[in-house]
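All remarks here apply to the structure that follows.
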Amino acid sequence: MLMFVMMIDSPEKESKFKKIYTTYGGLMYHVAYKILNNEEDAEDAVHDAFIKIAENISKIGDPVCPKTRVYIVTIVENKAIDLYRRKQRRSHVLYLDEISGFEVDENNVQGLSACIAKLPPRYQEVIVLKYRYGFSCREIAKQMNITEANAIKLDQRAKNRLLQICKEEGIL
Amino acid sequence: MITDEMLEQAAAEFADAIDMSLPDPSECTHQFSRRFERKMRRLIRRVEHPALYHILRSAACIVLAMMVGFGSVLAVSVEARAAVFGWVKQQHDNFYVYFFDGKVCVDETVRYSPGWMPEGCVFVTSYETAGGEVYIYTDAEDTLIQFSYTSDPNSESVYIEGVGYSKERVEIKNCSGEVYISDDPGKTNSLIWNDETNKVLFCISGNFEKETLIKIAETIEKNN
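Now the structure itself:
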């Protein structure tokens, strides 16, 4: 209501965020609901995800493309799992195996990517954010609401676990 | 040994597989709750106005915008202004401008602050302006709340939107004021009142009902 100062707005930024909201809001809810099985919780997770997306909006190129879509569902999955853990009052413990991550078609992954598909969701998220989207551990920490040290640790654990799976599968 | 290059390639393949596993976004329709839609409108505003949000958050110096409520819109004429020694509201097509008409000697600056804020409100920062102060709070939903006042006749002119708000006259501790309620639930409401004796203009703006704004206003106290 108050007109304090003339604000410099970016119409591109405005339309980009709104476009993401209108295009992917339902999909994000779908992903969150699958994990939380509760409408209100799923909406909270979607909102949490949008806060993180807003903080990184400048790093998003085309708002409607596969790369953006996967980034968005990765973030909302992370927020939904966080909320699930909080609801279970076990947020301090890493129960990584109890929630399944994205169920990808086995025919679409092979070799190392097939091994990533077998990782717990938290590990998948860090691998995707770091190696697909090029986020630093500091940036990942902000998006996951964890410390940078924990993000580094998570990255290391994810790679160790991946190596272990690769060996079991005879990939390496 | 898994190299970063191998991970980048595999992560890209995995991301593509995720994308292929997702349902078509157009098939994922969901009617979000009003609560969610309200929160999203605020978030969109925040993304649309990052400069303002950053400024308020970092307590940088901004131009104070103060508003004053008069019972009626004064005609913008020399005669009308001459009859008023104090703050004058000038109406434009879709906004109002307030400015101080006349001169007054301010010997000492009196400080004011709210004695009560609704539960969940968190003080963010405050800073001095010409003849006044601005207090910034956030509520549980991270919406900004502002209390501001000025007693300086030389302070900046004040602007207020005039479209999309309903006005109502109110009285705060024997001072006349107006409460502005937005037609859009996503926009904040404001209460503006004028202490004619001390030539002080007060304003509270936030996502509150009229009653809450008045309750806050009635707890405004002098600090010195």
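Taken in order, these protein sequences are the chains called A and B. Per our numbering, the first sequence runs over residues 15 to 186. Per our numbering, the second sequence runs over residues 92 to 315. Heads up, the beta-carbon is just placed ideally off N, CA and C, and yes, glycines get one too.
Counting C-beta neighbours from all protein chains within 10 Å, is the total for Asn-314(B) 16 or more, i.e. buried, or is it exposed? exposed
What are the start and end residues of each continuous beta strand (DSSP E) run of 3 or more residues lying completely inside the segment 228-281 of chain B, in chain order? Every unbroken stretch of the beta strand (DSSP E) spanning 3 or more residues and falling wholly within the segment 228-281 of chain B is given here in chain order: 235-241, 249-252, 256-263, 266-273.
Selected residue, minimal CA-CA separation from Ile-295(B), among Ile-272(B), Glu-287(B), Thr-288(B): When each option's Cα is compared against that of Ile-295(B), the closest is Ile-272(B).
Continuous alpha helix (DSSP H) stretch holding Ser-127(A): start and end: 126-130
Return the CA-CA distance between Glu-287(B) and Cys-266(B), expressed in angstroms with no decimal places. 7 Å
Anything in chain B within Cβ reach of Ala-131(A), meaning under 8 Å, just list it in chain order. Phe-105, Ala-108
Under the assumption that Ile-130(A) contacts Ala-101(B) (Cβ atoms under 8 Å), give the Cβ distance between them as a whole number of angstroms. 6 Å
With DSSP run on the structure shown, which of helix, strand or coil describes Ile-295(B)? strand
Work out the CA separation of Phe-105(B) and Glu-153(A) for me, nearest whole Å. Rounded to whole angstroms, Glu-153(A) and Phe-105(B) show a C-alpha spacing of 21 Å.
State the DSSP-derived secondary structure class of Lys-181(A), mapped to helix, strand or coil. helix
With C-beta atoms as the reference, is Asn-168(A) less than 9 Å away from Ile-93(B)? For the record, residue 168(A) in the displayed sequence is Leu; it is not Asn. No, the Cβ-Cβ distance between Leu-168(A) and Ile-93(B) is not below 9 Å.
Grouping DSSP H, G and I as helix and E and B as strand, with all else coil, what is Thr-82(A)? helix
Looking at the C-beta of Ile-93(B), does it have a partner C-beta in chain A at a distance below 9 Å? With a threshold of 9 Å between beta carbons, Ile-93(B) makes contact with chain A.
Check Asp-286(B) in the structure and name its three-state DSSP category. strand
Report the CB separation of Gln-157(A) from Leu-143(A) in whole angstroms; it is logged as a contact under 8 Å. 7 Å
Which term fits Glu-183(A), buried or exposed, when burial requires 16 or more other beta carbons within 10 angstroms of its beta carbon? Around the CB of Glu-183(A), fewer than 16 other CB atoms lie within 10 Å, so the residue is classed as exposed.
Counting along the chain, where does the beta strand (DSSP E) carrying Val-215(B) start and finish? Under the DSSP assignment, Val-215(B) falls in the beta strand (DSSP E) whose first and last residues are 213-220.
Cβ contact (3+ pairs, closer than 8 Å) linking the segment 256-265 of chain B and the segment 108-115 of chain B: Short answer: they don't touch.
Whole angstroms is fine: what's the gap from Asn-122(A)'s alpha carbon to Ala-103(B)'s? Just so you know, the alpha carbons of Asn-122(A) and Ala-103(B) end up roughly 12 Å apart.
Interface residues of chain E around Cys-119(B) at Cβ under 9 Å? You won't find chain E in this structure, because its protein chains are A and B.
Can you tell me which residues form a DSSP beta bridge with Gly-225(B)? Checking the sequence, you will find Val at residue 225(B) rather than Gly. Val-225(B) is bridged to Tyr-218(B), Ser-239(B).
Just mark Asp-274(B) as buried or exposed, buried being the case when its beta carbon has 16 or more other beta carbons within 10 Å. The residue is exposed, with fewer than 16 neighbouring Cβ atoms inside 10 Å.
Check this for me: beta carbons of Ile-311(B) and Tyr-218(B), under 9 Å apart or not? In this structure, Ile-311(B) keeps its C-beta atom at 9 Å or more from the C-beta atom of Tyr-218(B).
Ordered along the chain, which non-local residues of its own chain (more than five positions away) have a Cβ less than 8 Å from that of Thr-229(B)? Cys-212, Val-213, Val-215, Leu-235, Ile-236
Own chain, CB closer than 6 Å to Tyr-38(A), minus 5 neighbours either side, in chain order: Ile-86
Helix, strand or coil: which one does DSSP assign to Ser-124(B)? coil
Tell me the DSSP bridge mates of Tyr-203(B)? Lys-313(B)
If I measure Cβ to Cβ from Trp-53(B) and keep anything under 8 Å in the same chain, skipping five residues before and after, which residues do I get? An answer regarding residue 53(B) cannot be provided, because it is not within the stretch 92 to 315 covered by chain B.
9 Å is my cut-off, CB to CB: does Ser-124(B) come that close to chain A? yes
Measuring straight from C-alpha to C-alpha, what distance separates Val-118(A) and Glu-69(A)? 28 Å
Sub-9 Å separation of Ala-128(A) and Lys-93(A) beta-carbons: no
Any beta-carbon of chain A closer than 9 Å to the one on Phe-127(B)? Answer yes: the Cβ-Cβ gap between Phe-127(B) and chain A drops below 9 Å somewhere.
Once the 5 residues before and after Gly-148(A) are set aside, which same chain residues still bring their CB inside 8 Å of it? none
Nearest to Leu-134(B) by CA position, among Ile-89(A), Lys-66(A), Glu-54(A), Ile-49(A), is which residue? Out of Ile-89(A), Lys-66(A), Glu-54(A), Ile-49(A), Lys-66(A) has the C-alpha closest to the C-alpha of Leu-134(B).
Taking Pro-116(B) as the query, report the chain A residues whose CB atoms sit under 7 Å from its CB, ordered along the chain. By Cβ distance, chain A contributes Thr-37, Tyr-38, Gly-40, Leu-41.
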